[in-house]
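Trainee:
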Amino acid sequence: MATMTSPWVRALRSVAFDVPDLAAAERFYTTVWQLDVAAREPGALYLRGSGADHHLLALHERAGTPRIRQVTLRARSAAALESIAGATPAAGGRVASRGPAGDPAGGTALTIVDADGRRYEIVHGDARRTPAAPPPRDQPVRLAHAVLNSHRVEHSRAFLEQALGFVLADRTKIMAFMNCDADHHTLALGDTDNDALNHVAFLMPTLDAVMRGGGRMKDAGYPSQWGPGRHGPGDNAFNYFIDPFGLVIEYTAEVEQIDDTHTPRGPADWQWPPGRVDQWGIAPPPGDELKRAQRAVHFAPSL
Ligand SMILES: [Fe+2]
2 MATMTSPWVR ALRSVAFDVP DLAAAERFYT TVWQLDVAAR EPGALYLRGS
52 GADHHLLALH ERAGTPRIRQ VTLRARSAAA LESIAGATPA AGGRVASRGP
102 AGDPAGGTAL TIVDADGRRY EIVHGDARRT PAAPPPRDQP VRLAHAVLNS
152 HRVEHSRAFL EQALGFVLAD RTKIMAFMNC DADHHTLALG DTDNDALNHV
202 AFLMPTLDAV MRGGGRMKDA GYPSQWGPGR HGPGDNAFNY FIDPFGLVIE
252 YTAEVEQIDD THTPRGPADW QWPPGRVDQW GIAPPPGDEL KRAQRAVHFA
302 PSL
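For the sequence shown, the numbering used here assigns the number 2 to the initial residue and increments by one for each residue that follows.
1. Could you check what DSSP says for Gly215 in three-state terms: helix, strand or coil?
2. Which residues neighbour ligand 1 when neighbourhood means a C-beta less than 5 Å away from any of its non-hydrogen atoms? List them by chain order.
3. Terminal residues of the continuous beta strand (DSSP E) containing Glu155?
4. According to DSSP, what are the bridge partners of Asp19?
5. Where does Val114 sit, in a helix, a strand or coil, going by DSSP?
6. Please determine whether the Cβ atom of Ser78 lies at a distance below 7 Å from any heavy atom of ligand 3.
7. DSSP has Asn150 in a bridge; who is on the other side?
8. State yes or no: is the C-beta of Ala97 within less than 8 Å of the C-beta of Leu13?
9. In terms of alpha-carbon separation, which member of Phe167, Pro137, Asp22 lies closest to Leu74?
10. With 16 other CB atoms within 10 Å as the buried threshold, where does Thr32 fall?
11. How far does the alpha helix (DSSP H) with Leu291 in it reach, from first residue to last?
12. On the criterion of 16 or more Cβ atoms from any shown chain inside 10 Å, does Gln295 qualify as buried, or is it exposed?
13. Rounded to the nearest angstrom, how far is the Cβ of Val256 from that of Asp184, given a contact under 8 Å?
14. Answer yes if the region 161-178 comes into contact with the region 188-206, meaning at least three C-beta pairs across the two stretches below 8 Å, and no otherwise.
15. Quick check for students: name the residue ranges of the alpha helix (DSSP H) that lie wholly in the region 220-298, counting only runs of 4 or more.
16. Tell me whether Asp289 is buried or exposed, calling it buried when 16 or more other Cβ atoms sit within 10 Å of its Cβ.
17. Are the beta-carbon atoms belonging to Thr47 and Ala53 less than 8 Å from one another?
18. Sorted by chain position, which residues of the same chain lie with C-beta nearer than 8 Å to Arg68's C-beta, five sequence neighbours on each side aside?
19. Return the chain-ordered list of same chain residues with a C-beta closer than 6 Å to the C-beta of Arg231, the five sequence neighbours on each side being excluded.
20. Helix, strand or coil, according to DSSP, for Arg77 in the structure here?
As structure tokens, this is what we get:
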């Protein structure tokens, strides 16, 4: 039996982006996407959901094409930061910085970069809030996962395993699903020809909230780019959209919860019948607009 879960990483906390217009970002993400403002700094906006995380999105104003700055993970302990820092060089990455976190959530942060420029920040002791109970019915609770493309996915996967303690949960022809806790996957690697951001998924409290979110996005001029549907690996309901800046964002719900009894399966096990790309079979495959957006947002070369 495989041991699932990372000994060092507990969860995905937040993702940070450079976007060209913070006012437009605030309008979209607080009204249509249903996040709340957690904090502001000169040139930066932090947005939260209904759960315990201080923020889920950190947005920094920068003219030009949107960029991903970093993916922030929460460590299980202070000692885990030391373990990750120690494991990173042998895994082929480098430690970019360590010390007090540079955002309003605070805590201690370690930033590591893999050989292809994917930047992971690992935090410990960051601020938490008391979750709304019951959660507002249409507000994202927390992030569910981030998917990063890789032109050499086995190399990128080895880095997640060796430097961050992630475990392969499932492998399809086009995706390596990486587990760190009870969620089936918290990161995934898209097996493709580039190192762009594929998408970021926000966990909704219910399937109905995913569906109502699809209607809200459609009304606001952001129709679904793929979905609604239900994935194979992870068993989660999904609906994908492109935000005003070109970031691919997903509403998801009902992510499979796994433990050490989970058996990873491979590409031969995860095949759809002809014409199918999800369990429900009602949505057509992703279109060209989504596919273009899923290769357009790259990591900032430095911060
Ligand atoms: Fe997803």
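For each residue, glycine too, the CB sits at the ideal point set by N, CA and C.
Since we're looking at a predicted model, the values are computed, not measured.
Mentor: Looking at the coordinates:
1. helix
2. Ala202, Glu251
3. From DSSP, Glu155 is part of no beta strand (DSSP E) but of the alpha helix (DSSP H) over 154-165.
4. His61, Arg68
5. strand
6. Among the ligands present in this structure, namely ligand 1, ligand 3 is not found.
7. Gly191
8. no
9. With distances taken between Cα atoms, Leu74 lies closest to Phe167.
10. exposed
11. 289-294
12. Burial of Gln295 is indicated by the presence of at least 16 other C-beta atoms within 10 angstroms of its C-beta.
13. 5 Å
14. The region 188-206 vs the region 161-178: in contact.
15. Every alpha helix (DSSP H) of 4 residues or more that sits fully in the region 220-298 is shown, in chain order, as 289-294.
16. Classified as exposed, Asp289 has fewer than 16 neighbouring CB atoms from the shown chains inside 10 Å of its CB.
17. Sequence check: residue 47 is Tyr here, not Thr. Taking 8 Å as the Cβ cut-off, Tyr47 and Ala53 do not qualify as a contacting pair.
18. Here Arg68 has Phe18, Asp19, Val298, His299, Phe300, Ala301 as same chain residues with Cβ atoms under 8 Å from its own Cβ, once five neighbours each way along the sequence are excluded.
19. Ala238, Asp279, Gln280, Trp281
20. coil
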